[in-house]
Amino acid sequence: MSAKQILKTRIIVGMEIHVQLRTQTKMFCGCGLSFDAPPNSHVCPVCLGHPGTLPVINKQALRFAILAGLAMNCRIASYTKWDRKNYFYPDLPKNYQVSQYDLPICGEGHFDLPSETDPQTIRIRRAHLEEDAGKNIHDTGAHTLVDLNRAGTPLLEIVTEPDIHSAADAYAFCAELHRLVTYIGISDANMQMGQMRFEPNVNVEITHREGLSKTPIAEIKNLNSFRSVKNAIDYEAQRQIAAWEANPGYELGQAANENRGWNDDRGVTEFQRTKEAAHDYRYLPDPDLVPVTISETMMKEIRTDLPELPIARRKRFVSDLQLSSKDAETIVDHRATADLFEDAIEAGGPTDMLSKQMINIWLSLANDRQTDIANLGVSAAGIAELAGITDRGDINKSAAKQIAEAMLSDKQSPRELAKHLGLVQVKDTAATQAWVQQAIDNNAPAVQDVLSNPKKAKAAVGFLRGQVMRISGGQADPKLVGELIEKLLTPKPD
Ligand code: ZN
Ligand code: MN
């Protein structure tokens, strides 16, 4: 037997993504959505699948699905229907899931993944509405318990064409899609709470001495972080290549496609089962649900709800506001943050200082408090004023941070706070020179280093500047201080 000689490999990935919609109630009944309510407290005869009950379509879920479809450039169906996907499992009380089979609400679309080096288009095959199942709870001793609070929760399932060719691109795509669904407000997409779940379909195209082969497709189920998407694809591609080398007949169409799970602790994918073909689910149109026609008026209305999308907004921040692409990415990442930033510009804040303070001050304050900037309770006008007085040199940068922190609990304006906290920058040369002289008099060793130890001179100047800032109670202008230290410590010519 001759060893197979691999010349080249190419990963092929298509994604399936389930997004939980941010509706008040479930897909086909009036039960509220809940994550941690007591088991089986958000259920009713409809979502429990009692005989004789009739489902009613959640109109908000329908609108959210259309909004997502428009954001992904999908063809929106004017006529869409509901199908039963039949399978038996304890967390599925009706023994079928209501989904959409041949007439999904969103048809072909595309999603442009921006990248400075390698921009690409990921085609969307379809996106359809369906209901979630309940949860089986296995960790309660000898019995498995069933909680049906989640049963009937509206999901949007998005399916891409196999247009992704690296684990890193899959990561980028999932992150961009996550940003998109939160931006348009159709989902909170909290991944710890399972509100966005990723299922990559992975196989590998192998170029070898005898020609071209493809490995069977593995669908990796239920990933709930971008990192696990990346790691699982990387692992799975290597596993398939090794399997192809070792086993004759391990080829697409010859060996079965399979479902695999990701074991994050061990860093491996694990076999679950070979994959059913679609007909195993015995899809059939749901006789209890009427098909939906989507009118032009409804489409127009929903289109007006579509905000500027994150990719376009990033581009605009770079081209129109001259932000670096990294800063634009940081600010645009969260819609409320970007909105506040633009409101602050409108309120007269200087763009450059604003973008710096958004990231270095406001975002860091929000992160410390594990919240978003929009929830800090500061106004766009306040943010704009703080950037304005920093930009003019009325306060220095470290004072700006102190004032920002005070703004979280004090309703005074940044200008008033600067006065009350004694942080208005002193530009008076005589006063500053006195502070500098005091620092020089008190720190002979540092002065010695500045004057006669070139290796330590720079650090010593920094130390002295810090001493001046301390003596001045933060009111000195760091730039002026630097100039004065240099002037006072330059040896005078004879
Ligand atoms: Zn219900
Ligand atoms: Mn699904």
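Residue numbers (numbering that gives the first Met the number 0): 0 to 493. Cβ atoms here follow ideal geometry from the backbone N, Cα and C, with glycine treated the same way. Keep in mind the model is a prediction, meaning the values are calculated, not measured.
Counting other Cβ atoms within 10 Å of its Cβ, Tyr95 reaches 16 or more and is therefore classed as buried. If you look at Leu144, you'll find it in the beta strand (DSSP E) that goes His142 to Asp146. A check of alpha carbon separations from Ala373 across Glu384, Met357, Gly387 and Val317 identifies Met357 as the nearest. Remark: C-beta atoms of Ala231 and Thr268 approach each other more closely than 9 Å. Cα atoms of Val449 and Ala433: separation of roughly 19 Å, rounded to the nearest angstrom. With respect to Ile394, Leu422 sits close: the two C-beta atoms are nearer than 9 Å. For Asn258, the enclosing beta strand (DSSP E) starts and ends at Glu257 to Asn262. Between ligand 2 and Glu156, a heavy atom-to-CB distance of less than 8 Å is present. Looking at the DSSP output, His207 sits in a beta bridge with Ile5 and Gly210. Using a 10 angstroms sphere on the CB of Gly252, the tally of other CB atoms stays under 16, which defines it as exposed. A Cβ-Cβ distance of about 16 Å is found for the pair Ala443 and Val467, leaving them out of contact under the 8 Å criterion. In the structure shown, the three-state DSSP call for Arg368 is coil.
Inclusion of His41 in the 8 Å shell around ligand 1 follows from its C-beta lying nearer than that to a non-hydrogen atom of the ligand. For Gly13, the secondary structure class from DSSP, reduced to helix, strand or coil, is strand. Here Asp393 is not bridged, per DSSP, to any residue.
In this structure, the C-beta of Gly151 approaches ligand 1 to less than 8 Å from one of its heavy atoms.
Short of 6 Å from the beta carbon of Phe87, and not among the five residues preceding or following it, lie these beta carbons of its own chain, in chain order: Asn94. Within the same chain, His333, Ala335, Thr336 and Ala365 come within 8 Å of Asp371 by CB-CB distance, once the 5 residues on both sides are set aside. Per DSSP, the continuous beta strand (DSSP E) segment holding Leu112 begins and ends at Gly108 to Leu112. For Leu305, the secondary structure class from DSSP, reduced to helix, strand or coil, is coil. With distances taken between CA atoms, Gly347 lies nearest to Ala386 out of Pro50, Phe316 and Ala386. By the neighbour-count definition (other C-beta atoms within 10 Å, threshold 16), Phe270 is an exposed residue. Between the alpha carbons of Ala60 and Asp304 lies a distance of about 14 Å. Within the stretch 34–98, complete alpha helix (DSSP H) segments of at least 4 residues are found at 58–70, given in chain order.
Remark: the C-beta of Lys25 is in contact range of ligand 1, defined as less than 8 Å to any heavy atom.
His127 carries a strand assignment under DSSP once its states are collapsed to helix, strand and coil.
Apart from the 5 residues on each side of it in sequence, Ala343 sits with its Cβ closer than 6 Å to the Cβ of Leu353, Ala379, Ile382 and Ala383 in its chain, given in chain order. With contacts defined by Cβ atoms closer than 9 Å, Thr206 and Glu250 do not form a contacting pair. Counting of Cβ neighbours within 10 angstroms places Met406 among the buried residues, the total reaching 16 or more. Here Tyr78 is exposed: its Cβ has fewer than 16 other Cβ atoms, across all protein chains shown, within 10 Å.
In chain order, Arg9, Ile10, Ile11 and Val12 place their CB closer than 8 Å to the CB of His164, counting only its own chain and leaving out the 5 sequence neighbours on each side. Arg238 and Phe172 have their C-alpha atoms some 23 Å from each other. For Pro103, no beta strand (DSSP E) run applies, since DSSP gives it neither H nor E. The Cβ atoms of Thr120 and Asp111 lie closer than 9 Å to each other.
Contact between the stretch 208–228 and the stretch 31–41 is absent: fewer than 3 CB-CB pairs across the two stretches fall below 8 Å. His137 carries a strand assignment under DSSP once its states are collapsed to helix, strand and coil.
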